[in-house]
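J.: FYI, my numbering numbers position 17 of the sequence shown as 881, with every residue one higher than the one before it.
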Amino acid sequence: MPDDLAYVGEEAFAEILKEFNIKIDEMNSRYDLVVHLVTSAKGKEEAYTYANNSARYESIEDARKMDDLALDAYKDHPNRVIVNNETDFELKMRKAIQAVFEFLGDEKPVEKFYKYLVEIDNELKPIHKKTWNDILKNL
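Spelled out as structure tokens, the structure:
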């Protein structure tokens, strides 16, 4: 809810709070944890497109402004986690999930990623030729 401030402005948001007889700190206390996923318009501009999100209507510049306002709306929350765009989207989601697990005090298995450099050689080595020939003989 506090991030609605980004979309309605301070005056309208103050009216909403007044209408519901609630203060911003009371509203923030309803949330144990706030995980802010930084918009792709900040740092992953190539991923910010209208093609993958039919509800998206903001320009990159406007998305950046809205992101700043939404982030600012929770600036006083005691448990705010910001997940930036320094990685790909899948890893960004994993970081967000990890933040929730850490907040809950649960252990989540650490995922390990391995990368291998594979050299492709069109020529069979002598040892491989011998092994291959042995296999073929036994067929």
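Note that CB positions come from ideal geometry on N, CA and C, so glycine has one too.
Note that the structure is a prediction, hence the values are computed from the model and not measured.
Just to confirm before moving on: does the CB-CB distance between Asp867 and Ala963 stay below 8 Å?
T.: Here residue 867 corresponds to residue number 3 of the sequence shown, with the count starting at 1. Here residue 963 corresponds to residue number 99 of the sequence shown, with the count starting at 1. No, they are not a contact pair.
J.: What are the start and end residues of the alpha helix (DSSP H) that includes Val898?
T.: To locate residue 898, count along the sequence shown from 1; it is residue 34. No alpha helix (DSSP H) holds Val898; the beta strand (DSSP E) holding it covers 898–901.
J.: Under the three-state reduction of DSSP, which class applies to Ile886: helix, strand or coil?
T.: Numbered from its first residue, the sequence shown carries residue 886 at position 22. DSSP places Ile886 in coil when its eight states are reduced to three.
J.: Could you say which of Lys1001, Tyr895, Leu1000 lies nearest to Asp940 if we only look at CA atoms?
T.: For the purposes of this step, residue 940 is taken as the residue at position 76 of the sequence shown. For the residues Lys1001, Tyr895, Leu1000, the minimum Cα distance to Asp940 belongs to Tyr895.
J.: Can you tell me whether Ala937 is buried or exposed? The criterion is at least 16 other CB atoms within 10 Å of its CB, across all chains shown.
T.: Along the sequence shown, read from residue 1 onward, the residue named residue 937 stands at position 73. By the neighbour-count rule (16 or more Cβ atoms within 10 Å), Ala937 is buried.
J.: Between Asp936 and chain C, is there a C-beta pair that is closer than 8 Å?
T.: This model lacks chain C altogether, as it is built from one protein chain only.
J.: Report yes if the CB atom of Ile946 is closer than 8 Å to the CB atom of His900, and no otherwise.
T.: Mapped onto the sequence shown, residue 946 falls at position 82. Mapped onto the sequence shown, residue 900 falls at position 36. Their beta carbons are under 8 Å apart, which means Ile946 touches His900 by this criterion.
J.: Could you compute how far the alpha carbon of Asn948 sits from the alpha carbon of Asn997?
T.: Indexing the sequence shown from 1 puts residue 948 at position 84. Indexing the sequence shown from 1 puts residue 997 at position 133. Asn948 and Asn997: Cα-Cα distance of roughly 54 Å.
J.: So Arg944 is in the beta strand (DSSP E); what residue range does that whole segment cover?
T.: Walking along the sequence shown from the start, residue 944 turns up at place 80. Per DSSP, Arg944 belongs to the beta strand (DSSP E) from 944–947.
J.: In chain order, what residues of the same chain lie with their CB nearer than 6 Å to the CB of Ala905, ignoring the 5 residues before and after it?
T.: Taking the sequence shown and counting its residues from 1, one reaches residue 905 at position 41. Excluding positions up to five away in sequence, the list reads Tyr912, Ile924, Ala927, Arg928.
J.: Work out the CA separation of Asn916 and Asp898 for me, nearest whole Å.
T.: Translated into the one-based positions of the sequence shown, residue 898 becomes position 34. Translated into the one-based positions of the sequence shown, residue 916 becomes position 52. Sequence check: residue 898 is Val here, not Asp. C-alpha separation (whole angstroms): 25 Å.
J.: Have a look at Lys959 and Lys1001 and give me their C-alpha separation to the nearest angstrom.
T.: By one-based count along the sequence shown, residue 959 stands at place 95. By one-based count along the sequence shown, residue 1001 stands at place 137. Distance between the alpha carbons of Lys959 and Lys1001: 53 Å.
J.: With DSSP as the reference, label Ala934 as helix, strand or coil.
T.: Numbered from its first residue, the sequence shown carries residue 934 at position 70. Correct three-state label for Ala934: helix.
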